[in-house]
Amino acid sequence: MTRPGRPAGPAADTEAVVLTAALDLLLTEGAGALTPQRLHAVTGVARTTIYRHWPTPRDVLAALIAVAPHEPLTPSGDPVADLHTEVDLLCDRLRDKPVAAFLRALVTASSADPSCTELRHRYVADLLEPFRAALRALAFGDEAAVEEAASAIVAPLLVDALLLDRPVDRERAHRAAADVLARVTT
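The structure is reproduced here in structure tokens:
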């Protein structure tokens, strides 16, 4: 039996069009451009549809974050190799994908709208999660130790990419991972 009324979410093709345009606007103009009016202008999607599903820039950012996570790595059986693979994957994402620019936009959005701070935290937590998983597979310790170790590996990469506008230093990231691993074996 079909139910009358509108579907709960946007059609997949509409969502793809709007979120693709939103990412482009975010990276070129910043989070302030993520208004329903602006999204309507660049996509041609009805304003009522955009207002219904993404009424605020924060809602658009949340939708972008929801589709951002990359596929988790299938464990190889060698947790040390998996940790180093995650280092390479994050370095590649910071270099080749709009991860750094997206984070910069989230920082800017958070300063204008404090409710976006939770989104920034969620996005960074998503970046850290593969490292946490690899460290848990090593029986690294309690969650506080896992969190500290994951941050020790990822934080320098994010500082370089976000604050210093430097290319990611893959070798330094691998040294940080090796230092963390040395704590497990000593």
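Just so you know, the sequence shown maps onto residues 1 to 186 in UniProt numbering.
Note that the Cβ used here is the ideal one computed from N, Cα and C, for glycine as well.
Assuming residue i and residue j are in contact, meaning their beta carbons sit under 8 Å apart, how far apart are those beta carbons, in whole angstroms?
| i | j | result |
| --- | --- | --- |
| residue 161 | residue 100 | 4 Å |
| residue 153 | residue 176 | 5 Å |
| residue 144 | residue 157 | With 8 Å as the limit, residue 144 and residue 157 do not qualify as a contact, their Cβ atoms being about 21 Å apart. |
| residue 149 | residue 180 | 5 Å |
With 16 as the cutoff for other CB atoms within 10 Å, does residue i come out buried or exposed?
| i | result |
| --- | --- |
| residue 115 | exposed |
| residue 19 | buried |
| residue 125 | exposed |
| residue 86 | buried |
| residue 159 | exposed |
| residue 79 | buried |
| residue 57 | buried |
| residue 105 | buried |
| residue 23 | buried |
| residue 21 | buried |
| residue 120 | buried |
Helix, strand or coil for residue i per DSSP?
| i | result |
| --- | --- |
| residue 76 | coil |
| residue 84 | helix |
| residue 32 | helix |
| residue 168 | coil |
| residue 121 | helix |
| residue 140 | coil |
| residue 63 | helix |
| residue 71 | coil |
| residue 98 | coil |
| residue 179 | helix |
| residue 113 | coil |
| residue 48 | helix |
| residue 56 | coil |
| residue 22 | helix |
| residue 149 | helix |
| residue 11 | coil |
Would you say the beta carbon of residue i is closer than 7 Å to some non-hydrogen atom of the ligand COA?
| i | result |
| --- | --- |
| residue 81 | Among the components of this structure there are no ligands whatsoever, and the ligand COA is therefore not found. |
Touch test, the stretch 14 to 34 against the stretch 98 to 112, Cβ-Cβ under 8 Å, three pairs minimum: Yes, the stretch 14 to 34 touches the stretch 98 to 112.
Decide if the stretch 125 to 138 is in contact with the stretch 44 to 57; the criterion is three or more beta carbon pairs, one per stretch, under 8 Å apart. Touching, no, given that fewer than three Cβ pairs across the two stretches are closer than 8 Å.
Would you call the stretch 20 to 29 and the stretch 77 to 84 in contact, with 3 or more CB pairs under 8 Å? Fewer than three beta-carbon pairs drawn from the stretch 20 to 29 and the stretch 77 to 84 are found closer than 8 Å, and the two stretches are therefore not classed as touching.
At least 3 beta-carbon pairs within less than 8 Å: the stretch 89 to 105 vs the stretch 134 to 144: The answer is no - the stretch 134 to 144 does not touch the stretch 89 to 105, with fewer than three Cβ pairs under 8 Å.
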